[in-house]
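Peer 1: Numbering (the numbering used here), first residue to last: 68 to 354.
1. Do residue 288 and residue 192 have their CB atoms nearer than 9 Å?
2. Should the segment 115-135 be regarded as contacting the segment 208-224, the criterion being three or more beta carbon pairs within less than 8 Å?
3. With a 10 Å radius around its C-beta and 16 neighbouring C-beta atoms as the bar for buried, classify residue 131 as buried or exposed.
4. On the premise that residue 161 lies in contact with residue 201, defined as a C-beta separation below 8 Å, what is that separation, rounded to the nearest angstrom?
5. Counting only the same chain and skipping the five closest in sequence on each side, list residues whose C-beta sits under 6 Å from that of residue 331.
6. Just tell me which of 211, 189 and 176 has its CA closest to the CA of residue 248.
7. So, for residue 236: in the same chain, excluding its five sequence neighbours on each side, which residues have a beta-carbon less than 7 Å away from its beta-carbon?
8. In this structure, how does DSSP classify residue 271 when only helix, strand and coil are distinguished?
9. I'd like to check one pair, residue 242 with residue 154: are the Cβ atoms closer than 9 Å?
10. Got a sec? Which residues, its chain only, sit under 7 Å from residue 83 by beta carbon, not counting five neighbours each side?
11. Considering only residues of the segment 90-174, which uninterrupted beta strand (DSSP E) runs meet the minimum length of 3 residues and lie entirely inside it, listed in chain order?
12. Could you check where the beta strand (DSSP E) with residue 296 kicks off and where it finishes?
13. Pairs of beta-carbons, one from the segment 106-123 and one from the segment 136-150, closer than 8 Å: are there three or more?
14. Got a sec, what are the start and stop residues for the alpha helix (DSSP H) residue 216 sits in?
15. Would you give the residue range spanned by the alpha helix (DSSP H) that residue 204 belongs to?
16. In the DSSP assignment, what are the bridge partners of residue 182?
17. For the segment 173-181 and the segment 104-114, state whether three or more C-beta atom pairs, one from each stretch, are separated by less than 8 Å.
Pasting the structure below:
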C-alpha cells in the first residue's frame with residue numbers, strides 16, 4: 068500500500084491560514100448533528116462519515132490549524148465555562164464560531180454538550196463511546212502532549228500559532244479534567260469520561276440520541292439521521308498513528324516558525340545596537 072504524504076493526510080497544516088475572524092461571522096447553514104463523544108473515540112472517522120453523508124462543514128479539533136483565530140474564541144469559551152471568566156457561550160456565540168458548520172465532533176467543541184444542545188435543540192446527538200481502558204490508552208497520548216514542556220516552550224517562541232493552540236489546551240484539559248498536571252489528569256480520567264456520557268444521555272431530548280459504537284457501520288447512523296446508506300465503506304481512520312504524525316508535524320512547523328521569530332528578534336536587536344552605536348558616534352563627533 069502506498070504511504071500518503073503528510074500534506075495528503077494533514078492538509079490543514081500546509082494550506083495558508085484562512086485568517087477568518089469568526090467574531091464577525093453569522094450562521095450560514097443549520098446545525099444538524101452534534102457528535103459529542105470524547106476525543107479519541109473515532110472523531111476523525113465520524114467527521115469523514117458525516118462529510119460523506121452530505122454534512123458540510125463538520126467541525127473537528129484539527130480545524131483550528133487552518134484558521135488559528137478560532138483559538139481566540141475557544142479560549143474565551145473555555146475560560147467562561149471552567150473558570151468563570153467572561154460571558155458563557157450560547158447560541159449567539161456558537162453561531163459565530165460554528166456558523167459555517169452543519170455538524171461538530173471532537174474537542175474542544177465536545178466539552179460544550181449542554182450549551183450546544185440548548186443552543187440547537189433540533190440537532191441530532193450522536194454519542195460514540197469506547198471501553199474506558201481502550202479509550203484511556205489512546206487518550207493518554209493527548210495528555211502527554213498537552214503537558215509537554217517542549218510544546219509549552221514552543222508556545223512562547225511561536226506565540227502567533229503554537230501559543231494560541233497551547234492556550235486552548237491549557238484551558239481545555241485543566242478545565243474539563245480539573246487537573247493542573249498530567250498525573251492529575253490521568254487520575255481524574257475515568258470519572259470525567261463516565262460523567263461526560265451520563266450528562267449527554269440525561270440532557271438530550273428523547274428520540275434525538277444515538278449511542279454508537281466503533282464498528283457499527285453505516286446502518287444505525289444512517290437510519291438515525293434519515294440518510295441513504297452510501298456505497299462506500301465506513302471511514303476507518305487510525306487516530307493513534309494520526310496523532311503521532313500530527314504531533315511531529317506540529318513540532319516541525321512550530322520549530323521553523325520559532326527559529327524565524329528568534330531570528331527576527333536578534334535581527335531587530337542587531338539593528339537597534341547599530342543604531343545606538345551610530346548615534347553615539349555621531350553625537351561624539353559633534354562634541
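Even for Gly, the Cβ is constructed at its ideal location relative to N, Cα and C.
Just so we're clear, the structure is a prediction, and the values are computed from it rather than from any experiment.
Peer 2: Taking the coordinates as given:
1. Counted from its first residue, the chain shown places residue 288 at position 221. Counted from its first residue, the chain shown places residue 192 at position 125. Against a cut-off of 9 Å, the Cβ pair of residue 192 and residue 288 comes out as no contact.
2. no
3. The residue given as residue 131 occupies position 64 in the chain shown. Buried is the label assigned to residue 131, since at least 16 other Cβ atoms lie within 10 Å of its Cβ.
4. Taking the chain shown and counting its residues from 1, the one referred to as residue 201 is at position 134. Taking the chain shown and counting its residues from 1, the one referred to as residue 161 is at position 94. The Cβ separation is near 31 Å, so there is no contact.
5. Indexing the chain shown from 1 puts residue 331 at position 264. Because the pLDDT of residue 331 is 46, which lies under 50, any placement of that residue in the model is unreliable, and the number read from its coordinates should be weighed accordingly. Excluding residues within five positions, none has a Cβ falling inside 6 Å.
6. As a working mapping, residue 248 is identified with position 181 in the chain shown. Comparing Cα positions, the closest option is 211.
7. Locating residue 236 in the chain shown gives position 169, where the first residue counts as 1. 213, listed in sequence order.
8. For the purposes of this step, residue 271 is taken as residue 204 along the chain shown, with counting starting at 1. Three-state result, residue 271: coil.
9. The residue you call residue 154 lines up with position 87 of the chain shown. The residue you call residue 242 lines up with position 175 of the chain shown. No.
10. The residue you call residue 83 lines up with position 16 of the chain shown. There are no such residues.
11. 100-102 and 170-172
12. The residue labelled residue 296 in the question sits at position 229 within the chain shown. Element bounds for residue 296: n/a, residue is neither H nor E.
13. no
14. Sequence index remark: in the chain shown, residue 216 carries index 149 (1-based). From DSSP, the alpha helix (DSSP H) with residue 216 extends over 216-224.
15. Within the chain shown, the letter at position 137 stands for residue 204. Taken as a continuous stretch (DSSP letters only), the alpha helix (DSSP H) holding residue 204 covers 199-213.
16. Against the chain shown, residue 182 aligns to sequence position 115. DSSP, once it has assigned bridges, lists no residue as partnering residue 182.
17. Three or more beta-carbon pairs separated by less than 8 Å link the segment 173-181 to the segment 104-114, which places the two stretches in contact.
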